[in-house]
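Colleague:
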Amino acid sequence: MVFLGDFIYADVPYFAGNGVDQFQKRYRQTFASPEVKALVEKVPMVGIFDDHEIYNDYSANASSPSYAPAMQAYQEYVGAANYDPVEPGVHYYDFRVGDSAFFVWDTRSYRSDNANDDDDVKTMLGDRQREAFFDWAAKVNQTVTWKFVVSSVPVMSLWSHGEDTWASFLTERDAILDLLEHVPNVIVLSGDRHEFAAASLRTTVTEFSTSPFNMFYLPVRTLSQKHSRGATGEDTLLQYLPDGNTKVTTFEVDTRVLNKPVVRVRVWIDGAEAWHVDVLGQPILRPGPLSVVDGAVGSVGKGLRELLTFLRRSWWN
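Just so we're aligned, residue 1 is where the sequence shown starts under full-length UniProt numbering, counting upward by one.
#1: Ala73 and Phe23 look like a contact to me (Cβ under 8 Å); what is the Cβ gap, rounded to whole Å?
#2: On the DSSP bridge list, what partners appear for Thr236?
#3: Which residues does DSSP pair with Gly47 in a beta bridge?
#4: Please tell me whether Asn259 and Pro283 are closer than 9 Å, where the distance is taken between their beta carbons.
#5: My assumption, with CB atoms under 8 Å, is that Tyr92 sits in contact with Ala62. Please give the rounded CB distance.
#6: If you draw a straight line from the alpha carbon of Arg266 to that of Thr249, how long is it in whole angstroms?
#7: Taking DSSP as the reference, what is the three-state secondary structure of Pro85?
#8: Could you check if Asp84 is buried or exposed, using at least 16 other CB atoms within 10 Å of its CB as the buried criterion?
#9: Under 7 Å Cβ to Cβ from Ser109, same chain only, skipping five residues before and after it: list those, please.
#10: Could you work out which residue in Trp166, Tyr77, Pro34 is closest to Asp118 when comparing CA atoms only?
#11: Provide the residue span of the beta strand (DSSP E) that contains Phe23, from first to last.
#12: If you scan the region 149-202 from start to end, which runs of the beta strand (DSSP E) of 3 or more residues do you find wholly inside it?
#13: Can you tell which of Phe216, Met156, Ala198, Ala272 has the C-alpha that lies nearest to the C-alpha of Pro233?
#14: Roughly how many angstroms lie between the CA atoms of Leu189 and Asn18, to the nearest whole one?
#15: Please list the terminal residues of the continuous beta strand (DSSP E) segment that includes Glu207.
#16: Quick test of your reading: Val183 and Ala137, contact by CB under 8 Å. State the CB separation rounded to the nearest angstrom.
#17: With distance defined between alpha-carbon atoms, name the residue in Asp6, Thr222, Trp146, Thr107 nearest to Gly98.
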């Protein structure tokens, strides 16, 4: 199981202070709840933090007196069970399960202030994490069938009041989607909004945003197709299920038929199946003994490398 952030609410119903013991207490309370306890006793979990592990709408501010104790408690109770980070001292990481590869973003530690102008400087990932993600995308492009990108906040731009989501970081989002248009079979997993929504991003990426696991849902509807950016909209809503205090989405990856890979998605709300959909993938041109296949893979790889070079130059120059 992948937890998508806000595993604790350090600031709800009130902020108890910056002592590490206060953050640790919130984790113990969460793990002691019957719903979470029953799950983690049977299902292995990895995760990433969002803002409420620190405080609401947290943006990169390592000097904040909350950050260090919050990260210590997170590492002790959640992070220690994760896969190794991409490099020492960071929280973003990648891993592989069967024919699926995962990259888990840290959307908080390097984030520009949400209110900043949306330009080439504004970032949610930071330079080094974005570079690591681009490298990962190139590595798994034609070596793994399904690629899962984990974001604590939605990538889709369909929510109003989306200042805390990727809708306020569209310049960086564009660079990422420009790349992912050339990477087959990408699925984004996100949370945060206390609602379920599925959307197609530029028709090539499918996002499933699922939350909460055990918390209130929002009675006010804030998601609509009309919020999608652009004249016709880059993001197309596939399903919207806002109600329910417990939401879980399951993904069954099936690559037994090489030319017909599929992910069977089931959405469960308050213990009952609420929706299902099959995401059909493209076959992967894996390197093999035939020169024509080798040539195709080489062409795809060269094209992606050229795109990565362009994106990096356009971003950092």
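Backbone N, C-alpha and C define an ideal beta-carbon position, used for all residues, glycine too.
Modeller: In this structure, then:
#1: Contact check for Ala73 and Phe23: beta-carbon distance about 4 Å, within the 8 Å limit, so the pair qualifies.
#2: Answer is Ser200, bridged to Thr236.
#3: In DSSP, Gly47 forms a bridge with Phe3.
#4: Result yes, Cβ atoms of Asn259 and Pro283 sit closer than 9 Å.
#5: Contact flag wrong, Cβ pair sits at about 15 Å.
#6: Arg266 and Thr249: Cα-Cα distance of roughly 6 Å.
#7: Strand, per DSSP.
#8: By the neighbour-count rule (16 or more Cβ atoms within 10 Å), Asp84 is not buried but exposed.
#9: Ala60, His91, listed in sequence order.
#10: It is Trp166 whose Cα lies nearest to the Cα of Asp118.
#11: Annotation for Phe23: no beta strand (DSSP E) segment contains it, though the alpha helix (DSSP H) segment containing it runs 20-32.
#12: Runs found: 186-190, 196-201.
#13: Sequence inspection shows Gly at residue 233; the Pro mentioned does not correspond to that position. Cα-wise, what sits closest to Gly233 is Met156.
#14: If you draw a straight line from the Cα of Leu189 to the Cα of Asn18, it is about 30 Å long.
#15: Its beta strand (DSSP E) spans residues 205-209.
#16: 5 Å between Cβ atoms; contact.
#17: If we check each option's Cα against that of Gly98, Trp146 comes out closest.
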